[in-house]
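Here the structure comes first, spelled out in structure tokens, and everything after it is commentary.
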Amino acid sequence: MNKQQIRKQVLAGRDNLSREERDRGAILLTERICGHQWFYRSDIILAFASYKSEIDTTQIIEEALRLGKQVYVPKVEPVDAGQTCGGEAQQTLVFYRINSMTELTAGYKGIPEPVPTEAERYRYDPAEAERTLVLMPGAVFDRRRNRIGYGKGFYDRFLADKEKLQLRTIGVGFACQMVEELPAEDWDIKPYQVICV
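Sequential numbering from 1 applies to the sequence shown in this note's numbering.
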């Protein structure tokens, strides 16, 4: 199967998880992430707000905020209104700091996103990478840490020029999103760790 077929099959399985399985997964993930040395050693958390059947990251975000960590959530923005790629405006991920989950509103494809303010925009600093944790969503992961996202390459492009930050990435999801082996391209960026519960 190709990437699109694998993605479709695995996401169908994720969509069919029961409420009990979703709640259990969210609890287990929260325990694993909040107990992780990278979490408690990090002052900066680049998280994501869960959408549709994605594993719920709400408790992780709220715990990070409670502990006084800087939490940033991505927003999809155009690279340049004048640039096009294949007939579509190029888009990229930009992370903005939030102080509460209530600050998120429906954005790109209905995904909860922060309201952009230039003062709260995340700016990569290699010197801060060791105290930063990046949580990566994904459709499918494999035992070699390969990842299939949702087809737009947002995280691959965001991390491409941030080598030190690549070493602080954790791909997260449900156990049903883990497969034995995935096809991978040279430009795909692997999470440094994968936690599927």
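Glycine included, C-beta positions come from ideal geometry on N, C-alpha and C.
Quick one, are the C-beta atoms of residue i and residue j less than 8 Å apart?
i    : j    : result
A49  : L104 : yes
A47  : L135 : yes
P137 : E62  : no
F174 : V197 : yes
V206 : R66  : Outside the displayed span of the chain (1 to 197) sits residue 206, for which this structure offers no information.
Y124 : K75  : no
V172 : P114 : no
L133 : W38  : yes
R7   : D56  : no
Per DSSP, residue i forms a beta bridge with which residues?
i    : result
G35  : Paired residues: none, contrary to the question.
V94  : K75
P116 : Paired residues: none, contrary to the question.
A106 : P112
D142 : V179
I45  : V71, L133
I61  : I61 is not bridged to any residue.
R147 : F141
R121 : Y96
Measuring only the C-alpha atoms, how far is residue i from residue j?
i    : j    : result
K69  : I33  : 14 Å
V79  : Q90  : 6 Å
S18  : V179 : 20 Å
K109 : Y150 : 12 Å
T139 : Q177 : First, the residue type needs correcting, since residue 139 is Ala and not Thr in the sequence shown. Cα to Cα, the separation comes out at about 7 Å.
Y155 : I189 : 8 Å
V71  : Y96  : 8 Å
E130 : I170 : 14 Å
G13  : I60  : 24 Å
N146 : L11  : 16 Å
I148 : T117 : 30 Å
G87  : Y40  : At G87, the pLDDT of 48 sits below 50, so the modelled position is not reliable; the number obtained from the coordinates is stated separately. Their Cα atoms are separated by approximately 44 Å.
M1   : R157 : 25 Å
E181 : Q5   : 14 Å
Q106 : Y51  : Residue 106 is actually Ala in this sequence, not Gln. Computed Cα separation, rounded: 10 Å.
L29  : A64  : 14 Å
K152 : G35  : 31 Å
At what residues does the alpha helix (DSSP H) containing residue i begin and finish?
i    : result
T132 : That residue, T132, is in no alpha helix (DSSP H); its beta strand (DSSP E) goes 132 to 136.
D125 : Looking at the DSSP string, D125 is not in any alpha helix (DSSP H), and its letter there is neither H nor E.
V251 : The shown model of the chain, from 1 to 197, leaves out residue 251, and the question about it has no answer.
D161 : Element bounds for D161: n/a, residue is neither H nor E.
Residue range of the beta strand (DSSP E) that residue i falls in?
i    : result
T169 : 169 to 173
V194 : 193 to 196
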